[in-house]
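Numbering (the UniProt record's numbering), first residue to last: 1 to 310. Using N, Cα and C, we set each Cβ at its ideal position, and we do this for glycine too. Presented below is the structure to which this report refers.
Spelled out as structure tokens, the structure:
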């Protein structure tokens, strides 16, 4: 695995090598949030507040960042938190160790929407579907095969486990939808695949490989889909974010200065900036930027997010 150190441009940005099927390019990255997160994850743009939401899973923290003024907030949770997403009425829906919780605006009150504790298991990545339902992933702390899963959680708390269409899951990670909402993309990290399923607005069926990450390039972690239908994937232990066309062709690889990018999401004005969370956990000598949130300005054009429809 190679991680580029990058060079500084006249504007103060750093450039990371970008490999693509077309002409060679360089992608400028900036440090949006300098942090030492143990396991930064789940960047999500909250259009209602103009802020980025992200979590540090192992520190049990939900962070927000306002790129307009640099203001940040941090909220502690009672349990490890795999993801935090905005609610339509304000507040957050969170994927915790023992289930799905709700925070009101300002961080209180807290209530359980779905509580289903399983020893040795925790919530991981999650995403809100176009219909406003939460698709929440789980994994075992030991990452045992078959120990994780993906559950659709409706606003009324109805939880539908997806073992039928998905089969065994180990580490449930990135989930996203095509611009027309007819396809769902999904990563179970140890498989080294991003899969695609047909989606009818409520149900996902017909799981099949979309792309396979080659040996030694890292594992697919979080992902996002842009307005052109391209799928951007963070590669854990791969030190890179990749973009794949809707046909599954590798279109662009952006190498990063840290080995463990965890997830990516578009945000900022016009949803043109790609935010990337990273991790320090499990590294004897982590890179100084490991655990920070990086941003690729003007990387593309994202899709408007859907808040949890409560």
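Closest by C-alpha distance to residue 69, when choosing among 276, 52, 167, 254 | One-based indexing of the chain shown puts residue 69 at position 69. If you compare the alpha carbons of 276, 52, 167, 254 with that of residue 69, the shortest gap goes to 52.
Just the Cα atoms here: how many angstroms apart are residue 109 and residue 103?
-> Translated into the one-based positions of the chain shown, residue 109 becomes position 109. Translated into the one-based positions of the chain shown, residue 103 becomes position 103. Distance from the CA atom of residue 109 to the CA atom of residue 103, rounded to whole angstroms, is 6 Å.
Chain-order list of residues whose beta-carbon lies under 7 Å from that of residue 161 (same chain, five-residue window excluded) = To locate residue 161, count along the chain shown from 1; it is residue 161. Residues of the same chain with a CB within less than 7 Å of the CB of residue 161, apart from the 5 flanking positions on each side, are 149, 151 in chain order.
If we ignore side chains and look at the alpha-carbon of each, how far apart do residue 58 and residue 44 end up?
-> Position 58 of the chain shown, counting from 1, holds the residue named residue 58. Position 44 of the chain shown, counting from 1, holds the residue named residue 44. It is roughly 18 Å from the alpha-carbon of residue 58 to the alpha-carbon of residue 44.
In terms of residues, what are the limits of the alpha helix (DSSP H) holding residue 163?
-> Numbered from 1 along the chain shown, position 163 holds the residue referred to as residue 163. Residues 163-166.
Beta-carbon proximity list for residue 311, same chain, < 8 Å, skipping 5 on both sides = Outside the displayed range of the chain (1 to 310) lies residue 311, so it cannot be described from this structure.
If we count the other Cβ atoms within 10 Å of its Cβ and call it buried at 16 or more, is residue 86 buried or exposed?
-> Within the chain shown, the letter at position 86 stands for residue 86. Residue 86 is buried by the Cβ-count criterion.
Can residue 262 and residue 236 be called in contact, C-beta distance under 8 Å?
-> Locating residue 262 in the chain shown gives position 262, counting from the first residue. Locating residue 236 in the chain shown gives position 236, counting from the first residue. Yes, they are a contact pair.
Please classify residue 191: does DSSP put it in a helix, a strand, or coil?
-> For this step, residue 191 is matched to residue 191 along the chain shown. Looking at residue 191 - three-state DSSP - the assignment turns out to be helix.
Assign residue 93 to one of two classes, buried (16 or more other C-beta atoms within 10 Å of its C-beta) or exposed (fewer than that).
-> Working through the chain shown from its first residue, we reach residue 93 at position 93. Residue 93 counts as buried, since no fewer than 16 other beta carbons sit within 10 angstroms of its beta carbon.
In the DSSP assignment, find the beta strand (DSSP E) that holds residue 172 and state where it starts and stops.
-> Numbered from 1 along the chain shown, position 172 holds the residue referred to as residue 172. Bounds of the beta strand (DSSP E) holding residue 172 are 172-177.
Length of the line joining the Cα atoms of residue 101 and residue 283 = Residue 101 sits at position 101 when you count from the first residue of the chain shown. Residue 283 sits at position 283 when you count from the first residue of the chain shown. Residue 101 and residue 283 have their C-alpha atoms some 31 Å from each other.
Proximity of residue 277 and residue 42 at Cβ, strictly below 8 Å | Residue mapping note: residue 277 aligns to position 277 of the chain shown, counting from 1. Residue mapping note: residue 42 aligns to position 42 of the chain shown, counting from 1. Judged by beta-carbon spacing, residue 42 lies within the 8 Å limit of residue 277, meaning their Cβ atoms are closer than that value.
One or two residues paired with residue 101 in a DSSP bridge | Within the chain shown, numbered from 1, the residue matching residue 101 stands at position 101. When DSSP reads this structure, residue 101 sits in a beta bridge with 94, 112.
If you count every other CB in all the chains shown that lies within 10 Å of the CB of residue 28, and 16 or more means buried, which is it?
-> By 1-based counting over the chain shown, the position of residue 28 is 28. Buried, because 16 or more other Cβ atoms sit within 10 Å of the Cβ of residue 28.
Helix or strand or just coil, what does DSSP make of residue 223?
-> Position 223 of the chain shown, counting from 1, holds the residue named residue 223. Looking at residue 223 - three-state DSSP - the assignment turns out to be strand.
Check whether the Cβ atoms of residue 61 and residue 75 sit closer than 8 Å, and answer yes or no.
-> Here residue 61 refers to the residue found at position 61 of the chain shown. Here residue 75 refers to the residue found at position 75 of the chain shown. Yes, they are a contact pair.
Does the Cβ of residue 35 have 16 or more other Cβ atoms within 10 Å, making it buried, or fewer, making it exposed?
-> Taking the chain shown and counting its residues from 1, one reaches residue 35 at position 35. So residue 35 ends up on the buried side.
Would you call the stretch 199-208 and the stretch 241-249 touching, i.e. three or more CB-CB distances under 8 Å?
-> The stretch 199-208 vs the stretch 241-249: no contact.
List the whole-angstrom C-beta distance separating residue 228 from residue 189, where the pair is believed to meet the contact cut-off of C-beta under 8 Å.
-> The residue given as residue 228 occupies position 228 in the chain shown. The residue given as residue 189 occupies position 189 in the chain shown. The pair is not a contact, with the Cβ atoms about 25 Å apart (cut-off 8 Å).
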